[in-house]
Ligand SMILES: [Zn+2]
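Numbering (our numbering), first residue to last: 455 to 1089.
Below, the structure written as structure tokens:
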């Protein structure tokens, strides 16, 4: 078995991209030079309605999520907004972080909820959720009008005054950002123009709020979590072509965070992960809108550093919501409170932006890893989501309650599970990029091009793309050859193998006149390997292709407070200390019983474990990391 570190993973992908490959007549390298000026030739996603999911696990998960969204009612969602605006509401308020005394109220009800229903409407044509979204926007607009100054929140401005006065307060701008983002999603994805007007009013209030506050004072205030305020304002500036919002976005820039990253220094230790990833998304968007390459350097360095020096095999980072250790030192960090789910959501948002600048396959490899290992599987059958992702052996998955939690991770979760189609295909000019292997159909009407992707990946080690093209036209289809596959990867066009395939960790560019009925089939062999924990070569996770393999450790706790968490808590109470690590008896601790069916066994101290892809772990206890036999290097 090969052993890799997280750094190797990204390097492998990068090396593949840099080497390129032999260039037969019609197949040309997909390597892009440095992206040109922003906006010129970026690789960009298709509009959401252009891609539909085919049958399979992603569609099933999206439907469970939509059912959960459907269970929420607009009167209850609007309750605290109405009370704040002085409008009567007799609705029963939701609980948890949305209860009427919690300082984060409104973040889900008027924010994530709008984003999620807008996404569900655009990706799946869910008209019921769209009209719910319209109702909430209408209700919010009424509250804003009543407030009279552009302000819109489910709590009074007093919490923003606390921020000015340096009094303790949770995160008022974080909440404000979610609402702005939800409104912008309703505008962009469903065409609700009232939502844009409300968002503009909110932005003007922000500008006014900072009047008379010195730069130094403002920097002190920015130590309190403010989510993606910079991102929302850049997006608003781009949508409205109004410079003033870009100026307001710059009010949310922190030299103390951005300067070290611009100088490629990792000073992240001690910082709260999910407070800071959204700032990088904002920086990435600033690069795209202003062309200032410093923002790009910040975003790229941050992403590379977090994914290599600070992430676990599942493709996410953090302990107790923070970066608690020095870079490359995750030893001793496995517990219940690993890898807050929001952080993965935000890292993936950043990955798809950074990918668009270079076409570097490693960012889509990273996206795939997070999607399969720490997004898929973090929702139960009722559409309830995880908060933490325990990585100590013997723990299990726990989820929020339906009406009495409304965590941040409930919010990013309902968005994630409504947008699985957003990264499968990208485009550049008339070229198409096939980034992810998910059963789906791309219907690019302007180009008369349809691509139907059929696959049960990762059960199936490959995928098939069927092309309908009218008229027949020369174009390049770029397909990702993932960093985890082998030299035996094969690509066939209309059943005929190509002479050369791109190295693992790059895109294969296939340029030809595409005709109706053409097919591309990819065979992407997976192999078993281990990946060590950063800073501790004696601890490793087993991986198979992009999948983290988890040991099934038997029956988890029964339904109840250990599995469904209510109120403001984010983890079960009274957790017993688990083993932390599985103990591997020797170098051959994992073996493949039947690769095709993904049946693998792991041995630990006389016990045999079934190894499953992490996303297939549901109610069981599980283990991801193994203590290798001391002194023996795995090879
Ligand atoms: Zn969260």
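Ideal Cβ placement from N, Cα and C applies to all residues, glycine included.
When the options are compared against residue i, the one with the closest alpha-carbon
i: residue 965; options: 956, 946, 932; result: 932
i: residue 729; options: 696, 681, 874; result: 681
i: residue 651; options: 788, 998, 598, 951; result: 598
i: residue 947; options: 970, 718, 960, 742; result: 970
i: residue 524; options: 1047, 554, 692, 570; result: 570
i: residue 693; options: 711, 647, 715; result: 647
i: residue 500; options: 1040, 875, 833, 572; result: 875
i: residue 623; options: 577, 636, 676, 645; result: 676
i: residue 1067; options: 1033, 995, 1025; result: 995
i: residue 786; options: 854, 757, 632, 993; result: 993
i: residue 529; options: 551, 880, 560; result: 560
i: residue 1059; options: 672, 1041, 1074, 691; result: 1041
i: residue 1007; options: 1064, 1022, 582; result: 1064
i: residue 748; options: 776, 535, 716, 733; result: 716
i: residue 557; options: 822, 1019, 1072, 629; result: 629
i: residue 1030; options: 878, 846, 930, 641; result: 846
i: residue 1009; options: 1053, 904, 848, 891; result: 848
i: residue 674; options: 708, 579, 565, 659; result: 708
i: residue 988; options: 939, 768, 896; result: 768
i: residue 522; options: 842, 903, 574; result: 574
i: residue 532; options: 818, 547, 519, 518; result: 547
i: residue 734; options: 808, 774, 999; result: 808
i: residue 704; options: 724, 669, 726, 727; result: 669
Buried or exposed (CB count within 10 angstroms, at least 16 for buried), residue i
i: residue 685; result: buried
i: residue 812; result: buried
i: residue 859; result: buried
i: residue 697; result: exposed
i: residue 1089; result: Here the model assigns residue 1089 a pLDDT of 36, short of 50, so the residue's position is not dependable, and the following value carries that caveat. Exposed.
i: residue 780; result: exposed
i: residue 803; result: buried
i: residue 491; result: Caution is warranted here: a pLDDT of 44 is assigned to residue 491, below 50, making its placement in the model unreliable, and the coordinate value is therefore given only provisionally. Exposed: under 16 other Cβ atoms inside 10 Å.
i: residue 593; result: buried
i: residue 601; result: buried
i: residue 1028; result: exposed
i: residue 610; result: exposed
i: residue 584; result: buried
i: residue 928; result: exposed
i: residue 702; result: buried
i: residue 926; result: exposed
Reduced DSSP category for residue i - H, G, I as helix; E, B as strand; rest coil
i: residue 924; result: coil
i: residue 977; result: strand
i: residue 894; result: strand
i: residue 479; result: Because residue 479 sits at a pLDDT of 24, beneath the cut-off of 50, its placement in the model cannot be relied upon, and the following sentence gives the value as read from the coordinates. Here residue 479 sits in coil by DSSP.
i: residue 935; result: strand
i: residue 667; result: coil
i: residue 535; result: helix
i: residue 990; result: strand
i: residue 611; result: coil
i: residue 753; result: helix
i: residue 623; result: coil
i: residue 957; result: coil
i: residue 764; result: coil
i: residue 788; result: coil
i: residue 969; result: coil
i: residue 996; result: strand
i: residue 748; result: helix
i: residue 606; result: coil
i: residue 412; result: Absent from the structure is residue 412, since the part of the chain shown begins at 455 and ends at 1089.
i: residue 739; result: helix
i: residue 783; result: coil
i: residue 907; result: strand
Within-7 Å CB hit, residue i to chain C
i: residue 899; result: The chain labelled as chain C is not found in the depicted structure, where only one protein chain is given.
Contact test: residue i Cβ vs ligand 2 heavy atom, cutoff 6 Å
i: residue 1012; result: With respect to ligand 2, the structure shown offers nothing to examine, as its ligands consist of ligand 1.
Legend entry - Lining residues of ligand 1 - beta-carbon closer than 7 Å to any non-hydrogen atom, in sequence order: Sorted by position in the chain, 728, 794, 795, 796, 841, 861, 862, 863, 866 make up the residues whose C-beta lies under 7 Å from a heavy atom of ligand 1.
Legend entry - Those runs of the beta strand (DSSP E) which lie wholly inside the region 1002-1089 and span at least 3 residues: Residue ranges of uninterrupted beta strand (DSSP E) with 3 or more members, entirely inside the region 1002-1089 and ordered along the chain, are 1044-1048, 1053-1058, 1061-1067, 1079-1081.
Legend entry - Inside the region 490-531 only - beta strand (DSSP E) runs reaching at least 3 residues: Counting only runs of 3 or more, we get 505-507.
Inset, instruction - Starting from the N-terminal side, write out each stretch of the alpha helix (DSSP H) that is 4 residues or longer and does not extend beyond the region 652-732. - result: You should have 669-675, 683-694, 697-704, 709-716.
Inset, instruction - Ignoring anything shorter than 4 residues or poking outside the region 541-588, list the alpha helix (DSSP H) runs there in chain order. - result: The region 541-588 contains these whole alpha helix (DSSP H) runs: 567-578.
Inset, instruction - Note down, one range per segment and in chain order, each alpha helix (DSSP H) of at least 4 residues found wholly within the region 806-854. - result: If we require 4 residues or more, the alpha helix (DSSP H) runs fully inside the region 806-854 come out as 815-824.
Inset, instruction - Run through the region 855-891 for me and flag every whole alpha helix (DSSP H) of 4 or more residues, listed as ranges in chain order. - result: The alpha helix (DSSP H) runs of length 4 or more contained entirely in the region 855-891 are, from start to end of the chain, 862-870.
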